[in-house]
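Numbering (my numbering), first residue to last: 276 to 508. We put the CB at the ideal spot given by N, CA and C, even for glycine. Remember, it's a predicted structure, so these values are computed and weren't measured experimentally. Down below is the structure, laid out as structure tokens.
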Amino acid sequence: MSTVSKIFDKVKKEGRKFLLESEAKTVCREYGIPVTDFKVAKNGTEAVEFAQKIGYPVVLKIVSPDVIHKSDVGGVIVNLEDAKDVQRAYEQIMDSVKKHKSNAKIVGVLVQEMAPQSTEIIVGATKDPQFGPTLMFGLGGIFVEILKDVTFRIAPITEDEAREMITAVKAYPLLKGYRNAPQADIEAIVEILLNTSRLVMEHQEIKELDLNPIMVYEKGAKTVDARIILNSE
Ligand code: ADP
Ligand code: MG
């Protein structure tokens, strides 16, 4: 069985509805979707050890099957620059999560590479009752949340369709470089859309996928947060 099928199997067996971020990012990585480097630590000492391996600055996030929106429970702390920061952040996250959700089962913390700020995009997938897996693309922040400046295509998509999804958003000129926004690697976005299409076609158990945000650089891109929700049969 493939790494990806094994993850979906485990999630189903445990009766969970969504993948942990570490699991979702492993799935993405297996499909050639770039993600931040990460490791799951079981305690503060391990978190420090992993931070050293990944390289500072790092981000710490709660890993819990009972927490889907991690920042809502104080479960994300960014820009940690040394071992002391990491140790303190570990304790802060544990305290905060226990306060917000006392019965949450805690697996550990995700230690991950801090992705430098850049142009943010969102790639999503949902399941249309009639047409099946459907892909969404947009720029991050206000473009999706307030302006609803997004494009949709039914999966599977061709490379031409992936390009159309990108050029059809109103904010497209921003990706070509504008004031402080550097030119974004369009080819990297095309690849991500095609790989996401392949992923949702080959794994029909995916009900919802949300890569939000993905930082896009002049060369390459990096998924900062990944959510995958499974069908509840
Ligand atoms: P949530 O479950 O609350 O959506 P996220 O993983 O999206 O948690 O983290 C919240 C925010 O923290 C992100 O939207 C992003 O702005 C920032 N962030 C998270 N991880 C990273 C990272 N690896 N590098 C840079 N910024 C990050
Ligand atoms: Mg998020």
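Cβ neighbours of residue i in the same chain (closer than 7 angstroms, five flanking residues each side left out)
i: A299; result: A501, R502 and I503
i: V491; result: S393, T394, I396, A459, D460, A463 and I464
i: M389; result: P332, V333, V334, V353 and N354
Residue range of the beta strand (DSSP E) that includes residue i
i: D403; result: T394 to D403
i: E388; result: G383 to E388
i: P488; result: I481 to V491
i: R291; result: Unbroken run through R291: none, as it is neither H nor E.
i: A316; result: F313 to A316
i: I503; result: A501 to L505
i: K497; result: A496 to T498
Same chain only: Cβ atoms within 6 angstroms of residue i, ignoring 5 sequence neighbours per side
i: Y331; result: E356
i: I441; result: I464
i: L414; result: I396 and A446
i: V310; result: K300, C303, R304 and T498
i: P431; result: S472 and M476
i: S371; result: G349
i: H375; result: V348
Rounded C-alpha distance that separates residue i from residue j
i: S281; j: Q458; result: Note on identity: in this sequence residue 281 is Lys, with Ser being the wrong assignment. The straight-line gap from Cα to Cα measures roughly 38 angstroms.
i: A462; j: L450; result: One detail in the question is off: residue 462 reads as Glu in this sequence, not Ala. When rounded, the distance between both Cα atoms is 11 angstroms.
i: A326; j: R363; result: 13 angstroms
i: D312; j: D403; result: 32 angstroms
i: V493; j: E420; result: Sequence check: residue 493 is Glu here, not Val. Straight-line Cα distance between these residues: approximately 24 angstroms.
i: V338; j: K292; result: 15 angstroms
i: V475; j: P408; result: 6 angstroms
i: K336; j: E321; result: 14 angstroms
i: E439; j: G495; result: 19 angstroms
i: E477; j: K359; result: 43 angstroms
i: V386; j: G452; result: 31 angstroms
i: N487; j: M411; result: 11 angstroms
i: N470; j: V382; result: 29 angstroms
i: V342; j: D435; result: 38 angstroms
i: V398; j: E466; result: 12 angstroms
i: A316; j: V351; result: 14 angstroms
i: G319; j: A443; result: 46 angstroms
i: P391; j: F427; result: 28 angstroms
i: K380; j: I489; result: 28 angstroms
i: N455; j: K287; result: 44 angstroms
i: K373; j: H344; result: 15 angstroms
i: Q367; j: S377; result: 14 angstroms
i: S297; j: G307; result: 15 angstroms
i: P263; j: T401; result: Because the chain spans 276 through 508 in this model, residue 263 falls outside it and cannot be assessed.
For residue i: DSSP bridge partner residues
i: K359; result: Paired residue(s): none; K359 is not in a bridge.
i: Y453; result: A456
i: E414; result: A small correction: the amino acid at residue 414 is Leu; Glu does not occupy that position in the sequence shown. L414 pairs with I396.
i: G407; result: D403
i: T278; result: The partner list for T278 (beta bridge, DSSP) is empty, contrary to what the question assumes.
i: F283; result: DSSP output for F283 lists no bridge partner at all.
i: I429; result: T409
i: I352; result: L335
i: V310; result: T498
Where the alpha helix (DSSP H) containing residue i begins and where it ends
i: T442; result: E434 to T442
i: M476; result: I461 to E477
i: T320; result: G319 to I329
Residues near residue i in its chain [Cβ-Cβ closer than 8 angstroms; skip 5 each side]
i: S507; result: K292 and K482
i: D284; result: M276
i: I329; result: D312, F313, K314, V386, Q387 and E388
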